[in-house]
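Chains as they are written, first to last, in the working numbering: chain A, -3 to 354; chain B, 2 to 348.
Below: one structure, written as structure tokens.
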Amino acid sequence: MTGVTVEQERAAAVPAGPGTTELSMREAVNRALHTVLGEDPTTLVFGEDVGRLGGVFRVTDGLQRAYGEDRVFDTPIAESGIIGVAVGLAMNGFRPIPELQFDGFCYPAVDQIVSQMARMHYRTRGTAAMPITVRLPSFGGIQAPEHHGESLEALFAHVPGLKVAAPSTPDDAYHLLLQSVRADDPVVYMEPKARYWERGPVALEENRATPIGSSRIARHGRHATLIAWGAMVQRCLQVAELAAEDGVELEVLDLRWLKPIDADGLVSSVARTRRAVVVHEAPLTAGLGAEVSALITERAFRDLAAPVQRVTGFDVCYPAGPSNRSTCPRSTASCSRCNGRWSSDDHGPTHLRTARPR
Amino acid sequence: MQTNEGPAAGAGLPALDDLAPDLSCAFYRDMLTARLLDTEAIALQRQGVFPAYVSLRGQEAAQVGSAAALDRERDFVFPTYREMAVALTLGVDMVGYLASHRALWHGGLYDPMASRFGAVNAVVGGPVPHAVGWAMGERLAGRRGCAISYFGDGASSEGDVHEAMNLAGVFHVPVVFFCQNNQWALSVPNERQIAGGSVAARAAGYGMPGTAVDGNDAAAVYRATREALERARSGGGPTLIEAVTYRVEPHSTSDDTTRYRKAAEERAWRERDPITRLRAAMRAAGHAGDGFFERAEREARATAEQVRDGVSAAPEPAGEDLFGYVYREPTGELARQRRVWQEEVLP
């Protein structure tokens, strides 16, 4: 592995300072949309309530005023139609950025996403590009009604033709969205709504050269690597903070791109820490954690001191508000427990199995 | 404009009075070529060259009449999978088109963008909203093209068709929804498919004109489509046309119609054959005589045989194409899998 240099590049988290602006993730996404609408007249933003209202999370606030009703517009409540229209617009030379208002309401659009958007480039032997970025407010943690908090990354990452991104910081939300829109392939862009209001420095002027599919080391450590994306990155950083009090140094790897996955980045981190835990909000079975775990096991088996662990949601429907905290193992405690076992007892496996969600 | 009482049942002669003889001759040539090519395609399936084929026999007037009204330079067609005569009329490379039925490439081997005829699409309602998006883009770009979406009576039950028509109505975009009601959605007849009995009648709910036409009358279909396109092009928004016709062959070469419909019904519709009717009307109107019909037959046969031989002999696309078109900007993982394929599968 070319570990060190790649590692340093990956570690280039944005420090606050000159050249950065303090923004919430919501504002960062909004600024990215401003940037692409401003630079490319073929970009269009549309979806339910994204125009006059500015989106239910106000992510598209002010865009219609700035770019007009032709380029930023409300649609009827028709998720399948929204993506179908995006496919037709792409076939006519546009670069659509549709929004599906909530992850849990994207299911009606899955046919258009999977059968049409993801395959049209292939079906037409490359003559019809599909430069579509589907913005999908995702994941839980906002205490909303049913269908307002799902984790569908495994569903989309499984589909040939799609790319999938999930930023965890305002800076990545800005730059990954620019990358997604400027790319000529369809991207499902999963915004962690629980992080919409979190603020952080954003390098608005910087022209980021990191390729699609690169991960980021959010915190360096040497005892184990926690692998996460979206809102779970912050949770893992909290765990690492707690573990540090006990003298355990956890590395936190923010995957950022869920397709393609940065296998080299995973291997390079695990080669140093020798232990890995994948953390996601989605249910365990056939979740993306299985893919990450398999990648590490296939490519870094000899580096591993213990089996890769998964700390995930249970195989249950997304819980309603009050039970959310108690049943959804997004808790700091779950992650800590898993790592606590390792640090205290290197016989690992027996103990680790007990810490795994069942 | 609303004509919900149901179209003529495909009897009588098409009225050609307002059509130039050149146009009826062009209809005839394309319809006959499509018919002979369709017959060749069924034979290719019987010979094992095509794994399966979907015949359009009986629907030639609906397809050729509507396609003839299109502006080939500006308009764009969104087909599903039974629009072979539309492709032919628009001048699509027919070897490339039939390559889809030889299972060489799902979407066909013609260039859909240059042909202005979308890739063959097996999801019956799926391409309908694409036509709406394309038409939206056309208006945003200040161009004057129209989109036309072809779908069937079965697809009219799909949610996507409803969403597409509602979107088209709300955005008032230049699109023509062209439903070929061939009365059988595989094994299910209209009365188990279309509540209310009319697809055209649904247009009222979307605030657009809807019209049902005799789909076996090429001239009537042409006039209805031309009118819809003129309205769309001049800012009048979408139109829904229901061309009532009949699928005289099975749904596909794998289907058996004896399990769900009467032979007498098929026979009755074969007697209303759109090509026979057009020929009789052309003779009656003095548009053409024996010389033209004999020449048309010879030429159509030659074209059909040429396409048949072409598609039979067409080389298979390189296996590598499986990997080459998944992305515009391929992922490292796919590149790795491509190497695995080269090393382990290719030899």
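Built from N, CA and C at the ideal position, the CB exists for glycine as well.
Are the CB atoms of residue j and residue i within a distance shorter than 9 angstroms?
i: Val214/B; j: Ile242/B; result: yes
i: Val121/B; j: Ser313/B; result: no
i: Gly13/B; j: Ala220/B; result: no
i: Ala170/A; j: Ser20/A; result: Rather than Ala, the amino acid found at residue 170/A in this sequence is Tyr. No, the Cβ-Cβ distance between Tyr170/A and Ser20/A is not below 9 angstroms.
i: Thr308/A; j: Val275/A; result: yes
i: Pro141/A; j: Arg91/A; result: no
i: Leu105/B; j: Ala315/B; result: yes
i: Thr16/A; j: Ala199/A; result: yes
i: Phe79/B; j: His131/B; result: yes
i: Thr246/B; j: Ala63/B; result: yes
i: Gly259/B; j: Met209/B; result: Note that residue 259/B is Thr in the sequence shown, not Gly. No.
i: Ala179/A; j: Arg329/B; result: yes
i: Met186/A; j: Gly226/A; result: yes
i: Val273/A; j: Gln234/A; result: no
i: Ala165/B; j: Gly58/A; result: no
i: Asp112/B; j: Arg121/A; result: yes
i: Cys147/B; j: Arg75/B; result: yes
i: Arg117/B; j: Leu91/B; result: yes
i: Gln60/B; j: Ala86/B; result: yes
i: Ala289/B; j: Pro22/B; result: yes
i: Asp167/A; j: Ser134/A; result: no
i: Val106/A; j: Thr165/A; result: no
i: Ala70/B; j: Leu230/B; result: yes
i: Asp18/B; j: Ala281/B; result: no
i: Gln97/A; j: Asp45/A; result: yes
Just curious, the beta strand (DSSP E) that residue i is in, first and last residue?
i: Pro279/A; result: Ala272 to Pro279
i: Asn182/B; result: Val176 to Asn182
i: Ala213/B; result: Gly211 to Asp215
i: Leu300/A; result: Unbroken run through Leu300/A: none, as it is neither H nor E.
i: Glu241/A; result: Per DSSP, Glu241/A belongs to no beta strand (DSSP E); it is in the alpha helix (DSSP H), Met228 to Glu241.
i: Ala161/A; result: Lys159 to Ala161
i: Leu110/B; result: Where Leu110/B is concerned, there is no enclosing beta strand (DSSP E), given that its DSSP letter is neither H nor E.
i: Met186/A; result: Val183 to Pro188
i: Ser134/A; result: Thr129 to Ser134
i: Thr39/A; result: Thr39 to Gly43
i: Arg83/B; result: Looking at the DSSP string, Arg83/B is not in any beta strand (DSSP E), and its letter there is neither H nor E.
Around the Cβ of residue i, are there at least 16 other Cβ atoms within 10 angstroms (buried) or fewer (exposed)?
i: His143/A; result: exposed
i: Asp257/B; result: exposed
i: Pro182/A; result: buried
i: Val133/B; result: buried
i: Pro15/B; result: buried
i: Thr269/A; result: buried
i: Thr277/B; result: exposed
How close, in whole Å, do the beta carbons of residue i and residue j come, if the pair is a contact with beta carbons under 8 angstroms?
i: Ala136/B; j: Val176/B; result: 4 angstroms
i: Gly155/B; j: Ala186/B; result: 3 angstroms
i: Arg83/B; j: Leu110/B; result: That belief does not hold up - the Cβ atoms of Arg83/B and Leu110/B are roughly 18 angstroms apart, past 8 angstroms.
i: Ala244/B; j: Asn182/B; result: 7 angstroms
For residue i and chain B, any beta-carbon pair shorter than 9 angstroms?
i: Tyr185/A; result: no
i: Leu85/A; result: yes
i: Gly309/A; result: no
i: Leu148/A; result: no
i: Gly51/A; result: no
i: Ser211/A; result: no
i: Tyr118/A; result: yes
i: Phe90/A; result: yes
Report yes or no: is there a C-beta of chain A within less than 9 angstroms of the C-beta of residue i?
i: Val133/B; result: yes
i: His102/B; result: no
i: Asp112/B; result: yes
i: Ser312/B; result: Looking at the sequence shown, residue 312/B is not Ser but Val. Not one chain A Cβ lies under 9 angstroms of Val312/B.
i: His107/B; result: yes
i: Pro318/B; result: yes
i: Glu61/B; result: no
How far does the alpha helix (DSSP H) with residue i in it extend, from its first residue to its last?
i: Gly160/B; result: Gly160 to Phe172
i: Phe293/B; result: Asp291 to Ala314
i: Leu174/A; result: Pro166 to Arg178
i: Val25/A; result: Met21 to Glu35
i: Ser150/B; result: Unbroken run through Ser150/B is the beta strand (DSSP E), Ala148 to Gly153; no alpha helix (DSSP H).
i: Thr293/A; result: Leu284 to Ala296
i: Phe152/A; result: Glu149 to Ala153
i: Asp39/B; result: Pro22 to Arg47
i: Trp135/B; result: Val129 to Leu141
Measuring only between beta-carbons, confirm whether residue i sits less than 9 angstroms from chain E.
i: Ala205/A; result: Included in the structure are the protein chains A and B, with no chain E among them.
Measuring from the CB of residue i, is there a heavy atom of the ligand COA at a distance below 8 angstroms?
i: Arg248/B; result: Judged by which ligands are present, the structure shown has none, so any question about the ligand COA falls away.
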